[in-house]
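Worksheet: one structure, shown below.
In our numbering, the protein residues as written are 368 to 589.
Structure representation (structure tokens):
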């Protein structure tokens, strides 16, 4: 199937992402609500168009995008941070099940140690500021690291461009969330918002296009 038309979708999504970043730094309230979720919602077109992927897997990835868009809107107001966290937790769970269904073998524990180190260091940095959110944040960190672990395992089992994009997306998501958590709980810093959004949109684009750039078999084949 010819997916060349998706280049136009990606171009529009990139413009919307740039508009989102600009509106974030200029504190343009209306534009933030319009542009922040738009690039993610455009990725729904990409996921739905990947007709060689089983419908349930496409539905899970689409669910991850919709939950992420809801999280985007909630996180605009920092007072709704916990609700935004919950929305993104749902998104990560959708992606986890979607990736898990695509694995041809049981995942190995080889990559668990470095990912556990990542999560442990992040939690150690945040823990004194978390208070009653300590357990929910710990669960959130664990869930996103599981997503990264499964994405890396998908690349190991079936190397290809699609699997590489999946890993890029998952790792970028982890970086975006780590920076967001440090900025929110530990110490705000001006460049954080830029880094969070750049890594976040890279994550969603990578995850969505990983479905298009795969063959009819498990992720990464073809």
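Ideal placement from N, C-alpha and C gives every residue a C-beta, glycine not left out. Remember, predicted model here, so these are calculated numbers, not experimental data.
With a threshold of 6 Å on Cβ separation, who are the neighbours of residue i within its own chain once the five nearest residues in sequence on each side are excluded?
i: residue 461; result: 427, 430, 431
i: residue 479; result: none
i: residue 575; result: 410, 413, 414
i: residue 535; result: 573
i: residue 486; result: 508, 512
i: residue 450; result: 441
i: residue 571; result: 407, 410
Considering only residues of the same chain and omitting the five flanking positions on each side of residue i, which have a CB-CB separation below 7 Å?
i: residue 376; result: 409, 412, 413
i: residue 448; result: 442, 551
i: residue 544; result: 511
i: residue 482; result: 512, 515, 516
i: residue 373; result: 413, 416, 579
Which of the three DSSP states is assigned to residue i in this structure?
i: residue 476; result: coil
i: residue 417; result: coil
i: residue 498; result: helix
i: residue 443; result: coil
i: residue 395; result: coil
i: residue 371; result: coil
i: residue 387; result: helix
i: residue 471; result: coil
i: residue 493; result: helix
i: residue 527; result: coil
i: residue 556; result: coil
i: residue 401; result: helix
i: residue 580; result: coil
Leaving out five residues on either side along the sequence, give the residues of the same chain with a beta carbon under 8 Å from the beta carbon of residue i.
i: residue 436; result: 404, 407, 408
i: residue 473; result: none
i: residue 392; result: 560, 561
i: residue 383; result: 402, 405, 406, 409
Nearest to residue i by alpha carbon, out of the options?
i: residue 560; options: 516, 399, 496, 574; result: 399
i: residue 456; options: 534, 512, 532; result: 512
i: residue 516; options: 393, 540, 421; result: 540
i: residue 371; options: 416, 545, 393; result: 416
i: residue 464; options: 421, 543, 451, 384; result: 421
i: residue 503; options: 556, 391, 387, 452; result: 452
i: residue 459; options: 529, 509, 380, 488; result: 509
i: residue 394; options: 566, 578, 557; result: 557
i: residue 542; options: 565, 578, 533; result: 565
i: residue 537; options: 499, 433, 439, 520; result: 520
i: residue 385; options: 482, 530, 563; result: 563
i: residue 596; options: 423, 444, 488; result: An answer regarding residue 596 cannot be provided, because it is not within the stretch 368 to 589 covered by the chain.
i: residue 378; options: 568, 445, 497; result: 568
i: residue 477; options: 438, 444, 523, 387; result: 523
i: residue 530; options: 396, 578, 381, 382; result: 578
i: residue 475; options: 518, 434, 499; result: 518
i: residue 387; options: 439, 373, 433, 498; result: 439
i: residue 466; options: 505, 506, 532, 445; result: 532
Does residue i get closer than 8 Å to chain D when you measure Cβ to Cβ?
i: residue 394; result: The structure shown contains no chain D, having only a single protein chain.
Report task. Determine contact between the stretch 482-493 and the stretch 547-565, defined as no fewer than three beta-carbon pairs at a distance below 8 Å. Result -> These segments touch.
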